[in-house]
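Residue 55 in full-length UniProt numbering sits at position 55 of the sequence shown, with consecutive numbering throughout.
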Amino acid sequence: MSRTLKSALSLKQFMLRQEVLKLYKDIYRTINNIPDESSRKEMKKWLSDDFRKNKDLKDEITIKMSIQVGMRSLKELQNSLELSGNIKNNNKKL
1 MSRTLKSALS
11 LKQFMLRQEV
21 LKLYKDIYRT
31 INNIPDESSR
41 KEMKKWLSDD
51 FRKNKDLKDE
61 ITIKMSIQVG
71 MRSLKELQNS
81 LELSGNIKNN
91 NKKL
């Protein structure tokens, strides 16, 4: 079997991967609204480390649970920034 066939993603895996990438981008964009540069750098490092730590997850349920945890963290960060006046409420469904 060729190497490309072994590494091909199923439709479910592809969809989950897209969801994870979107979550990463949304969190990264939100982190850019943090006014303090050192806090912003620390959060970017946390984001990178956390996603790299989980990059080898294969179990669909575990990945979905991790996405839910990430979405809750994103909402909490957005709410904190909104309350501090550093981000506008964009009313996007996450």
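Every residue, glycine too, gets a C-beta built ideally from N, C-alpha and C. None of these values were measured; they are calculated from a predicted model.
Environment of residue i [buried if 16+ CB atoms lie within 10 Å]
i: residue 30; result: buried
i: residue 23; result: buried
i: residue 61; result: exposed
i: residue 85; result: exposed
i: residue 53; result: exposed
Contact set for residue i: own chain, Cβ-Cβ below 8 Å, skip 5 residues either direction
i: residue 19; result: 67
i: residue 87; result: 30, 33, 78, 81
i: residue 12; result: 60
Same chain only: Cβ atoms within 6 Å of residue i, ignoring 5 sequence neighbours per side
i: residue 77; result: 30
i: residue 57; result: 63
Residue closest to residue i, alpha-carbon to alpha-carbon, out of the options
i: residue 50; options: 36, 70, 39; result: 70
field: Residue ranges of each alpha helix (DSSP H) within the UniProt domain "Complex 1 LYR protein" (18-76), 4 or longer
entry: 37-53
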